[in-house]
Structure formats: C-alpha cells, structure tokens
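Just so we're on the same page, the numbering used here is the position in the sequence shown counted from 1, plus 25. For each residue, glycine too, the CB sits at the ideal point set by N, CA and C. Report on one structure; see the data block that follows.
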Amino acid sequence: MANITSILNQQYFSHADLIILLKTEGADQKQIFEKAAEIKKTEVGNKVYFRGLIEYSNICSKDCFYCGVRKSNSNIQRYQVNDEEVIQAAQFAYDQNFASIVIQSGERSDKTFVKKIENLIREIKKIGNGALGITLSCGEQSKETYKHWFDAGVHRYLLRIETSNEDLYQKIHPQNNKHNFNKRIQSLYHLKETGFQVGTGVMIGLPFQTLDDLANDLLFFKKLDIDMAGMGPYIEHKQTPLYQYSDTLLPLKERFQLSLKIVALLRILMKGINIAATTAMQTIDPEGREKALLTGANVIMPNLTPLKYREDYLLYEDKPCIDEEADACKNCLEARIHRTGNEIGYNEWGDSLHFKKKRVPIK
Ligand code: SAM
Ligand code: SF4
26 MANITSILNQ
36 QYFSHADLII
46 LLKTEGADQK
56 QIFEKAAEIK
66 KTEVGNKVYF
76 RGLIEYSNIC
86 SKDCFYCGVR
96 KSNSNIQRYQ
106 VNDEEVIQAA
116 QFAYDQNFAS
126 IVIQSGERSD
136 KTFVKKIENL
146 IREIKKIGNG
156 ALGITLSCGE
166 QSKETYKHWF
176 DAGVHRYLLR
186 IETSNEDLYQ
196 KIHPQNNKHN
206 FNKRIQSLYH
216 LKETGFQVGT
226 GVMIGLPFQT
236 LDDLANDLLF
246 FKKLDIDMAG
256 MGPYIEHKQT
266 PLYQYSDTLL
276 PLKERFQLSL
286 KIVALLRILM
296 KGINIAATTA
306 MQTIDPEGRE
316 KALLTGANVI
326 MPNLTPLKYR
336 EDYLLYEDKP
346 CIDEEADACK
356 NCLEARIHRT
366 GNEIGYNEWG
376 DSLHFKKKRV
386 PIK
C-alpha cells in the first residue's frame with residue numbers, strides 16, 4: 026500500500042503518483058485536502074479574490090457536444106448584453122471594490138464582435154482610471170485579435186483545454202476544423218506569447234474520461250506552466266448530444282469529490298497559481314465553492330450578468346443563481362467566505378503570483 030504522506034512530501038509527481046492520489050478515499054483523501062490547504066496558506070495566503078462575471082453573450086459559432094449554448098441548440102433565446110448594461114455591471118464591480126471582472130461569451134471571431142469587445146474593454150478601463158482588472162474568456166481567436174484585446178487593457182485570459190486527451194477531445198466535439206485540438210493548444214501558446222496571464226482547465230467527470238486522463242490533465246497544466254485554472258465537474262444538459270451518455274457518468278456527488286481532489290492536487294503541483302472555485306462546483310453542492318476554497322482555490326466569480334439574460338446562459342442544467350441577485354450580495358458572500366477562514370482581497374487585482382515570479386529577471 027503506497028504511503029500517501031511520503032508521496033505528498035515529494036517535490037515532483039509522476040503520472041503513477043497522481044493515479045494513486047486520485048484514487049484515495051477517506052483519511053487518505055483528507056490528507057490531500059489538508060496538504061493543499063497548508064500550501065495555499067503558505068504560498069498564496071488565505072485571501073480570496075473576486076472577479077465579477079459578465080456572461081456577455083450566448084451567441085456561439087461552435088457546437089461543442091457538452092454545452093447548452095451550442096450553436097445548434099434552437100431552444101434558447103440568443104442574447105448579447107448591451108453596452109450600457111456591461112458598463113453598469115463593471116461599475117457595480119468597481120463600487121463593490123471587487124477590483125476585477127471577467128467577460129465570458131460564446132465564441133465569435135467576426136470583425137463586429139472583435140471590435141465590440143475591444144471598445145468595451147476601453148470603456149471599462151475608463152472606470153476608476155484603469156482600476157478594474159479584466160479577464161476575457163471568449164474562446165479561440167487569431168493571435169492578432171488577442172493582441173488587440175491585450176493592448177486595449179485585458180491582462181488575463183481563460184481558455185479551457187477541456188481535456189488534454191486528443192481522442193477524448195474529438196469524442197466531445199464535432200470533427201471539423203472549428204473544433205480542433207491542436208488549434209486549441211496553439212491558441213493557449215498564442216495567449217502566452219501575447220503576454221496574458223493564461224488560465225486553462227478541464228471538465229471533470231466527462232463521459233469516456235478516465236483517471237489516467239485526469240492525471241495527464243494535471244501534468245499538462247504543469248507543462249504549459251499555466252498561471253490560473255478554472256475547473257469543475259461536467260454537468261449534463263438534455264439539449265446536447267453528450268446527454269445520451271448520462272447513464273455512464275459518475276454520480277454527481279462523486280464527480281464533485283473528484284473535482285475537489287483535482288483542485289487540491291493542482292494546488293500541490295502548482296503552488297503559486299490562481300485557482301477558481303467555479304459555479305459548476307456550486308451547482309452540485311450549495312457549499313461547493315466554499316469547499317473548493319478550503320481545498321486550494323483562491324478566486325470566486327460572483328455573477329453580475331443582468332438577471333433577464335441568465336436563464337439563456339445555461340451551459341448545463343440546474344445552474345444556480347439564475348433568478349436571484351444574491352450572488353452579487355456582498356454581505357452574503359463575505360459571510361460565506363469568512364466561514365471558510367479566508368478573507369477577501371478587496372481592491373486588489375490578486376494576480377497570479379506564479380506569473381509574477383516568472384517575470385522576475387534572474388540575476
Ligand atoms: N466559449 C468560450 C469557450 O468555450 O472557451 C467561453 C465560454 S464557455 C461557455 C466556458 C466553459 O464552460 C467551457 O470552457 C466549458 O468547460 C464549460 N462548460 C460548457 N458546458 C459545460 C457543461 N455541460 N458542464 C460543465 N462545464 C461546461
Ligand atoms: Fe460555444 Fe464555448 Fe459552449 Fe463551446 S463551450 S459551444 S465554444 S460557448
């Protein structure tokens with residue numbers, strides 16, 4: 026029987042080590058969570074940073090088999106938040122001292138969209154004289170587009186690889202040039218070269234996914250030397266092709282536990298990165314984000330999307346907070362976070378320490 030304590034004390038982890046750690050349960054699993062909490066405390070501190078989330082548009086040119094807003098889903102009403110509402114949401118984030126926002130959207134690469142995002146970034150940057158840090162999550166774009174957005178003032182970008190296993194990637198996407206594994210990886214490198222703090226992640230508990238895949242995902246993050254991660258359980262959606270495999274999935278509670286374990290292991294592997302406690306974790310367990318904070322996560326993305334759009338941004342079923350503004354209620358969030366022993370990094374961008382360290386010139 027492998028000794029979990031001695032594996033956890035190693036500096037480097039092999040694929041075989043990760044498989045052992047991923048298979049842990051009970052007291053062994055608890056050891057992983059405790060180690061991750063300890064590393065979080067010493068490496069990034071017990072501070073949680075807010076990124077006010079604006080789900081800008083559900084108009085998407087892609088057809089990912091898992092996603093409720095995929096192009097072919099004709100059951101939803103398509104929307105794009107208007108400029109005034111975006112600025113209002115950003116102003117709200119600023120007024121609440123959140124310090125950062127995330128603009129997430131379906132993927133479009135037409136000129137109108139690219140320009141619209143660039144103009145919005147410039148407007149948001151005027152609030153408080155550049156006080157708000159901006160993260161984008163608008164999918165794969167040309168290197169030129171990434172550069173335009175970077176120059177306009179975005180400094181972080183989230184693009185999940187979804188899975189680092191090319192075969193699995195092909196099973197969960199249509200087979201065409203728009204959904205190409207190598208292009209996705211290339212986009213991640215383009216983002217790095219442009220100068221962004223780069224975040225990626227995977228869905229956990231996908232049909233056909235194995236522990237072997239998840240161990241490789243963790244090693245992929247390390248190899249790519251990411252600055253941020255956003256990961257969460259895969260949650261099925263009836264109006265998507267992957268729904269047909271629902272009866273092959275891990276039960277939701279197990280998917281959630283596995284997601285927590287992956288958050289913890291990533292904190293152990295990549296000590297100074299930022300890790301989000303994602304909405305998908307909260308979907309399965311109302312305390313899901315808080316539990317993720319206790320096992321290594323240090324970023325929360327309160328939803329600031331105007332209420333009238335939220336029911337049309339259902340990536341998966343039972344997404345929380347679609348009919349209440351509670352998520353943006355500072356007092357509720359504060360109380361929930363304080364209960365985890367964390368404090369909130371108000372008025373701080375809370376950039377990835379890992380990214381900052383990479384940029385310190387070596388003497
Ligand atoms: N369109 C951009 C992209 O795909 O990178 C950004 C928005 S997309 C909705 C953000 C993330 O939602 C995806 O990277 C994917 O991991 C996640 N997502 C989509 N469908 C999901 C599902 N059924 N369960 C869990 N996460 C899902
Ligand atoms: Fe579009 Fe992103 Fe959903 Fe894929 S995951 S269908 S790119 S919104």
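Best match in the options for proximity to residue i [C-alpha to C-alpha]
i: Leu392; options: Ile126, Gln166, Arg292; result: This structure cannot speak to residue 392, because the chain is shown only from 26 to 388.
i: Gln166; options: Ser212, Gln200, Gln307; result: Ser212
i: Ile300; options: Gly321, Ile44, Lys96; result: Gly321
i: Gln102; options: Asp108, His180, Gly93; result: Gly93
i: Gln153; options: Asn122, Leu339, Leu285; result: A small fix is needed here, since residue 153 is Gly in this sequence, not Gln. Here the closest residue by C-alpha is Asn122.
i: Gln200; options: Gly70, Glu63, Gly366, Lys87; result: Lys87
i: Gln195; options: Leu267, Glu50, Gly70; result: Leu267
i: Val324; options: Asn356, Lys381, Asn83, Asn367; result: Asn367
i: Asn71; options: Lys382, Arg364, Phe380, Arg384; result: Arg364
i: Lys383; options: Val106, Gly220, Lys344, Asn144; result: Gly220
i: Glu132; options: Lys333, Leu145, Gly164, Asp242; result: Gly164
i: Tyr259; options: Leu277, Asp242, Glu359; result: Leu277
i: Glu279; options: Thr49, His198, Thr67, Asn34; result: Thr49
i: Lys172; options: Glu312, Val139, Lys60; result: Val139
i: Gly375; options: Gly313, Lys60, Asp242, Val69; result: Val69
i: His204; options: Gln269, Gly155, Arg95; result: Arg95
i: Asn107; options: Arg181, Asp242, Thr67, Tyr334; result: Tyr334
i: Ile197; options: Val179, His180, Phe233; result: Phe233
i: Glu218; options: Gln269, Thr67, Lys168, Gly313; result: Lys168
Inter-residue spacing [alpha-carbon to alpha-carbon] between residue i and residue j
i: Phe117; j: Ser271; result: 39 Å
i: Ala351; j: Tyr119; result: In this prediction, Ala351 has a pLDDT of 48, which is less than 50 and means its spatial position is unreliable; nothing more can be read from the coordinates.
i: Asp192; j: Asn100; result: 29 Å
i: Asp250; j: Lys296; result: 11 Å
i: Phe206; j: Asp135; result: 21 Å
i: Leu47; j: Ile32; result: 12 Å
i: Leu43; j: Ala240; result: 6 Å
i: Leu244; j: His40; result: 8 Å
i: His262; j: Leu340; result: 7 Å
i: Trp174; j: Met306; result: 29 Å
i: Phe38; j: Ile29; result: 12 Å
i: Tyr371; j: Lys381; result: 19 Å
i: Ser82; j: Tyr104; result: 6 Å
i: Pro311; j: Arg361; result: 11 Å
i: Glu359; j: Lys65; result: 19 Å
i: Lys141; j: Ile45; result: 47 Å
i: Gly178; j: Gly155; result: 8 Å
i: Asn356; j: His180; result: 28 Å
Buried versus exposed, by CB contacts within 10 Å (16 or more), residue i
i: Gln282; result: buried
i: Glu315; result: buried
i: Glu336; result: exposed
i: Asp237; result: exposed
i: Asn190; result: buried
i: Ala114; result: buried
i: Lys151; result: exposed
i: Lys55; result: exposed
i: Tyr214; result: exposed
i: Asn328; result: buried
i: Lys388; result: At Lys388, the pLDDT of 46 sits below 50, so the modelled position is not reliable and the matter cannot be decided from this model.
i: Lys60; result: buried
i: Asp343; result: exposed
i: Thr225; result: buried
i: Asp242; result: buried
Beta carbon of residue i nearer than 8 Å to that of residue j
i: Val288; j: Met326; result: no
i: Thr188; j: Leu231; result: yes
i: Ser125; j: Leu157; result: yes
i: Met253; j: Leu183; result: yes
i: Ile186; j: Arg209; result: yes
i: Arg76; j: Thr137; result: no
i: Val73; j: Ile369; result: yes
i: Leu396; j: Val227; result: The requested residue 396 is not part of the displayed model; the chain covers only 26 to 388.
i: Thr265; j: Phe90; result: yes
i: Gln129; j: Glu80; result: yes
i: Pro331; j: Glu109; result: no
i: Leu285; j: Lys247; result: no
i: Ile57; j: Leu290; result: yes
i: Ala62; j: Leu319; result: yes
i: Val127; j: Ser97; result: no
i: Thr308; j: Pro345; result: yes
i: Ile112; j: Glu143; result: no
Near the ligand PLP: residue i beta-carbon under 7 Å from a heavy atom
i: Gly313; result: No copy of the ligand PLP appears in this structure; the ligands present are the ligand SAM and the ligand SF4.
task: Note down, one range per segment and in chain order, each beta strand (DSSP E) of at least 3 residues found wholly within the segment 119–162.
output: With a minimum length of 3 residues, the continuous beta strand (DSSP E) runs that stay inside the segment 119–162 are 125–130, 158–162.
List, from N- to C-terminal side, the alpha helix (DSSP H) runs of 4 residues or more that fit wholly inside the segment 316–350.
Taken in chain order, the whole alpha helix (DSSP H) runs of length 4 or more contained in the segment 316–350 are 332–335.
| query | In chain order, which continuous runs of the beta strand (DSSP E) of length 3 or greater are located wholly inside the segment 48–123? | reply | Qualifying beta strand (DSSP E) stretches, in chain order: 72–75, 77–82.
key: Whole runs of the beta strand (DSSP E) within the segment 260–316, excluding any shorter than 3 residues   = Segments of the beta strand (DSSP E) lying fully in the segment 260–316: 299–302.
Quick check on the DSSP output: what are the complete beta strand (DSSP E) runs of length 3 or more inside the segment 160–230, in order along the chain? Taking only runs of at least 3 residues, the beta strand (DSSP E) segments lying wholly in the segment 160–230 are 181–183, 222–225.
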